[in-house]
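*Asks:*
Residue numbers (our numbering): -2 to 346.
The following block contains the structure:
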């Protein structure tokens, strides 16, 4: 087998692994947390177990010399950990409270939110086609949201979904900012932040879950089927992060957009086929409109443009890591805008 064929095989393995693990974790978590499933309604503790599983896989990789150890300044680590914890907790709460379809469509709002922050924080100017595509996404999500609220009067689910969008968008921004400032790969950043997130969520999880669910995780019925799904959920979390690392730098921006859209469509289809999500005509139209807007955004945001006239800039990509899907956003960060963070230290294993 030649080098070209080997690369094609590895690309297909990376693509399939990322899609399957990202889609599977959503349905495994939904079955695990749903009252009609195993009733594990402790979203924060579940997040902690995910990150502890990822930490163990990273420690094993470091032990065999596959990844460098990274030491981040405490303030940077604290800021990122707090934001990332809020993101993953609210995402899992949204998945627990809302339908799978609404959960997945609401996540598309992360892109408009990040663009809004970049517009006012980094003074990025968007082209008219990009703005139009973003407005199409917002309109589609708005239709789905209004329909869901009217059908179920689920204001709590709407609020949690909104918090997940804001926190996930900020996590994406901080993630790329720290990677740029400290010169880290995504896997090196994860090797430092995953243990911090795992331990903090493990300590806070039972108390937060007690407040949200009115029950202690320690009183859960730890039967074999539930433990099996819990272990499968943790395995999927590790699979998402490993496949994410395999995909980084392997695909172009447009290819990564297609990867994200394929996962969105599979999640929506799976929710309808396997979890009994009821999709009316208005909801289907809103979902289709939101996905079309995302596809248009992927095309227009990756079109070549002329060099900036005022300030030098470098093109970067924000890659959101969620349990259950990723969103890639191409932005421009003006030089000198990353100066809030300290220096990272790398140690060879």
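Positions of the beta carbon are idealized from the N, C-alpha and C atoms, including for glycine.
(1) In its own chain, which residues sit with a C-beta less than 7 Å from the C-beta of residue 38, not counting the 5 before and 5 after it?
(2) Reducing DSSP to helix, strand and coil, say where residue 96 ends up.
(3) When burial is assigned at 16 or more other CB atoms within 10 Å of the CB, is residue 115 buried or exposed?
(4) Classify residue 68 as helix, strand or coil using the three-state DSSP reduction.
(5) Measure the alpha-carbon distance for residue 297 versus residue 48 and round it to whole angstroms.
(6) Pick helix, strand or coil for residue 215, following the three-state DSSP scheme.
(7) Pull up the distance between the alpha-carbon of residue 95 and that of residue 85, whole angstroms please.
(8) Quick check on DSSP: helix, strand or coil for residue 38?
(9) Please report how far the alpha carbon of residue 5 lies from the alpha carbon of residue 202, in whole angstroms.
(10) Below 8 Å on the Cβ atoms is my contact criterion, and I expect residue 187 with residue 55 to pass it. Report the Cβ-Cβ distance as a whole number of Å.
(11) Starting from residue 176, trace the alpha helix (DSSP H) both ways and give me its first and last residue.
(12) Tell me, to the nearest whole angstrom, how far the beta carbon of residue 77 is from that of residue 190; I am working on the premise that it is less than 8 Å.
(13) Would you kindly work out how many angstroms separate the C-alpha atoms of residue 68 and residue 234, rounded to a whole number?
(14) In whole angstroms, what separates the C-alpha of residue 51 from that of residue 99?
(15) Expressed to the nearest angstrom, what Euclidean distance is found between the alpha-carbon atoms of residue 177 and residue 185?
(16) Less than 8 Å between the C-beta atoms of residue 164 and residue 83, yes or no?
(17) For chain E, is any of its Cβ atoms less than 8 Å away from the one on residue 123?
(18) Which value, in whole angstroms, describes the spacing of the CA atoms of residue 231 and residue 45?
(19) Between which two residues does the alpha helix (DSSP H) carrying residue 184 extend?
(20) Run the CB neighbour count on residue 107, radius 10 Å, all protein chains shown included, and call it buried at 16 or more, exposed below.
(21) Which same chain residues, not among the five before or five after residue 229, have their C-beta less than 7 Å away from its C-beta?
(22) At what residues does the alpha helix (DSSP H) containing residue 116 begin and finish?
(23) DSSP on residue 230, reduced to helix/strand/coil?
(24) Rounded to whole angstroms, what's the CA-CA distance from residue 137 to residue 40? Just pull it up for me.
(25) Over what stretch of residues does the alpha helix (DSSP H) that includes residue 26 continue unbroken?
(26) Measure the alpha-carbon distance for residue 103 versus residue 60 and round it to whole angstroms.
(27) When we look at the beta-carbon of residue 208 and count the other beta-carbons within 10 Å, is it buried (16 or more) or exposed?
(28) Rounded to the nearest angstrom, what separates residue 73 and residue 172 at their Cα positions?
(29) For my contact list, residue 18 and residue 236 are in at a C-beta cut-off of 8 Å; report their separation, rounded to the angstrom.
*Replies:* Looking at the coordinates:
(1) Taking the first residue of the chain shown as 1, we reach residue 38 at position 41. The residues are 30, 93, 210.
(2) As a working mapping, residue 96 is identified with position 99 in the chain shown. Looking at residue 96 - three-state DSSP - the assignment turns out to be coil, as it is neither helix nor strand.
(3) By 1-based counting over the chain shown, the position of residue 115 is 118. Flag for residue 115 reads buried.
(4) For this step, residue 68 is matched to residue 71 along the chain shown. DSSP places residue 68 in strand when its eight states are reduced to three.
(5) Working through the chain shown from its first residue, we reach residue 297 at position 300. Working through the chain shown from its first residue, we reach residue 48 at position 51. Those two C-alpha atoms are separated by around 35 Å.
(6) In the chain shown, the residue the question calls residue 215 occupies position 218. Helix at residue 215.
(7) Counted from its first residue, the chain shown places residue 95 at position 98. Counted from its first residue, the chain shown places residue 85 at position 88. Those two C-alpha atoms are separated by around 15 Å.
(8) Position 41 of the chain shown, counting from 1, holds the residue named residue 38. It is coil, neither helix nor strand.
(9) Within the chain shown, numbered from 1, the residue matching residue 5 stands at position 8. Within the chain shown, numbered from 1, the residue matching residue 202 stands at position 205. So the alpha carbons of these two residues sit roughly 42 Å apart.
(10) For the purposes of this step, residue 187 is identified with residue 190 of the chain shown, where counting begins at 1. For the purposes of this step, residue 55 is identified with residue 58 of the chain shown, where counting begins at 1. About 7 Å separates the CB atoms of residue 187 and residue 55; that is less than 8 Å, so the two are in contact.
(11) Counted from its first residue, the chain shown places residue 176 at position 179. Taken as a continuous stretch (DSSP letters only), the alpha helix (DSSP H) holding residue 176 covers 152 to 179.
(12) Sequence index remark: in the chain shown, residue 77 carries index 80 (1-based). Sequence index remark: in the chain shown, residue 190 carries index 193 (1-based). In this structure, residue 77 and residue 190 form a Cβ contact; the two beta carbons are roughly 6 Å apart against a cut-off of 8 Å.
(13) What you label residue 68 is simply residue 71 of the chain shown in a count that begins at 1. What you label residue 234 is simply residue 237 of the chain shown in a count that begins at 1. So the two alpha carbons sit approximately 23 Å from each other.
(14) As a first step, residue 51 is located in the chain shown; it is residue number 54 there, counting from the start. As a first step, residue 99 is located in the chain shown; it is residue number 102 there, counting from the start. One C-alpha to the other measures close to 27 Å.
(15) Here the question's residue 177 lines up with position 180 in the chain shown. Here the question's residue 185 lines up with position 188 in the chain shown. Residue 177 and residue 185 have their C-alpha atoms spaced approximately 12 Å apart.
(16) The residue given as residue 164 occupies position 167 in the chain shown. The residue given as residue 83 occupies position 86 in the chain shown. Going by C-beta atoms, residue 164 is nearer than 8 Å to residue 83.
(17) The structure shown has no chain E; it contains just one protein chain.
(18) What you label residue 231 is simply residue 234 of the chain shown in a count that begins at 1. What you label residue 45 is simply residue 48 of the chain shown in a count that begins at 1. Going by the C-alpha atoms only, they are around 10 Å apart.
(19) Numbered from 1 along the chain shown, position 187 holds the residue referred to as residue 184. From DSSP, the alpha helix (DSSP H) with residue 184 extends over 183 to 210.
(20) Locating residue 107 in the chain shown gives position 110, where the first residue counts as 1. By the 10 Å Cβ count, residue 107 comes out buried.
(21) Translated into the one-based positions of the chain shown, residue 229 becomes position 232. Same-chain partners within the cutoff: 25.
(22) Residue numbering aside, residue 116 sits at position 119 when the chain shown is read from its first letter. Per DSSP, residue 116 belongs to the alpha helix (DSSP H) from 107 to 118.
(23) Translated into positions along the chain shown, residue 230 becomes position 233. Residue 230: helix per DSSP, three-state reduction.
(24) For this step, residue 137 is matched to residue 140 along the chain shown. For this step, residue 40 is matched to residue 43 along the chain shown. Each residue's alpha carbon lies about 28 Å from the other.
(25) Counting from 1 along the chain shown, the entry for residue 26 is found at position 29. Note, residue 26: alpha helix (DSSP H), 0 to 30.
(26) Within the chain shown, the letter at position 106 stands for residue 103. Within the chain shown, the letter at position 63 stands for residue 60. Going from the Cα of residue 103 to the Cα of residue 60 covers about 39 Å.
(27) Residue 208 sits at position 211 when you count from the first residue of the chain shown. Exposed: under 16 other Cβ atoms inside 10 Å.
(28) Residue numbering aside, residue 73 sits at position 76 when the chain shown is read from its first letter. Residue numbering aside, residue 172 sits at position 175 when the chain shown is read from its first letter. Distance between the alpha carbons of residue 73 and residue 172 is about 10 Å.
(29) Taking the first residue of the chain shown as position 1, residue 18 is located at position 21. Taking the first residue of the chain shown as position 1, residue 236 is located at position 239. About 3 Å separates the two Cβ atoms, so the contact holds.
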